[in-house]
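Here the structure is laid out as C-alpha cells; the discussion comes afterwards.
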Ligand code: ATP
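In the UniProt record's numbering, the protein residues as written are 1 to 236.
The following block contains the structure:
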C-alpha cells in the first residue's frame with residue numbers, strides 16, 4: 001500500500017480549474033518530485049494535501065485513511081508537514097522561536113528537546129544563530145529554518161514547495177543534499193521544484209505536470225533521460 005495516494009484530484013479557485021483529475025502515489029521512504037512550469041498546479045496540489053485547500057473532487061488517502069476533508073492541524077498531527085514556497089518564516093521572532101512554532105502540537109518536554117537536537121544536528125548553522133532575528137538570516141539559512149521548523153513536528157511525510165527558489169548556487173546544492181539526507185534518515189519527501197534537473201536527479205520517481213494534469217511519470221532517471229522532458233524542462 002502506498003503511504004499517500006492521490007486519486008482523481010480536482011481543485012478549483014472559483015471558476016479556475018487549477019488541478020484537473022490528478023492521480024499519483026508516494027511510497028514510504030521515497031523522494032517523489034513533481035515538476036512542471038509556473039501555473040501547472042503544483043503548489044495547489046501541495047496545499048490540498050496539507051489541508052489548506054479543499055478539493056472539488058477526488059480523494060487523498062494517507063496510511064489508508066481519507067484525509068481530504070480534514071483540517072490542517074489534524075493532518076500535521078497525522079505526520080504530514082509542509083514547507084511553503086517562499087519559506088514564510090516569522091520575521092521579528094528569533095530562530096529558536098520560529099522552531100518552537102513548528103512544535104506547536106507537542107506537549108511533551110522531552111519530545112520537544114529531542115526535536116530541537118535533531119534539527120541542530122541537521123542544521124548546525126541554526127544552532128549558532130538561535131537568538132538572532134530570523135529576518136537577518138540569508139536566503140539559504142531561511143530555507144534551512146523553514147525546513148527545520150517543519151521537521152520539529154517529526155513528520156513522516158515532508159512536503160517541500162520550491163526549496164531552491166531564489167537561492168545562490170552554493171546554497172541550492174546544499175539544500176538538495178539536505179533533502180537527500182532527510183530521506184536517508186527515514187522521512188518520505190514530496191518535492192516540488194522548478195529546478196527539474198536537480199529535483200529529478202535525487203528523486204526515486206517523478207511526475208510531470210502541465211495545465212493541472214499529469215502528463216508523464218517514471219523514475220527520476222527515466223524522466224531525466226526522456227527527450228520531451230529535456231526539451232520542455234531541462235533546457236536541452
Ligand atoms: P508556481 O510554480 O508558480 O507556484 P504551480 O505549478 O505551483 O506554479 P499553482 O500555483 O498551483 O501552480 O497554480 C495553478 C493555477 O491556479 C494557475 O493557473 C494559477 O494562476 C491559479 N491560481 C493559483 N492560486 C490562485 C488563487 N489564489 N486564485 C486564483 N487562481 C489561482
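By construction, the Cβ of each residue, glycine as well, lies at the ideal position given by its N, Cα and C atoms. Because the structure is a prediction, the values reported are computed rather than measured.
Return the bridge partner residues of residue i from the DSSP annotation.
{"i": "residue 25", "result": "5"}
{"i": "residue 32", "result": "190 and 205"}
{"i": "residue 57", "result": "10"}
{"i": "residue 83", "result": "160"}
{"i": "residue 19", "result": "11"}
{"i": "residue 133", "result": "94"}
{"i": "residue 62", "result": "4 and 65"}
Kindly indicate which three-state DSSP category residue i falls into: helix, strand or coil?
{"i": "residue 213", "result": "strand"}
{"i": "residue 50", "result": "coil"}
{"i": "residue 114", "result": "helix"}
{"i": "residue 142", "result": "helix"}
{"i": "residue 124", "result": "helix"}
{"i": "residue 148", "result": "helix"}
{"i": "residue 218", "result": "strand"}
What residue from the options has the CA that sits closest to residue i's CA?
{"i": "residue 7", "options": "215, 19 and 24", "result": "24"}
{"i": "residue 218", "options": "231, 86, 200 and 119", "result": "200"}
{"i": "residue 85", "options": "233, 161 and 216", "result": "161"}
{"i": "residue 11", "options": "3, 75, 211 and 53", "result": "53"}
{"i": "residue 70", "options": "196, 113, 225 and 48", "result": "48"}
{"i": "residue 31", "options": "100, 14 and 2", "result": "2"}
Chain-ordered residues, beta carbon under 5 angstroms from a heavy atom of the ligand ATP: 13, 16, 18, 38, 39, 40, 41, 42, 43 and 44
Start-end ranges of the alpha helix (DSSP H) lying completely within the stretch 164-211, minimum 4 residues: 169-184 and 196-201
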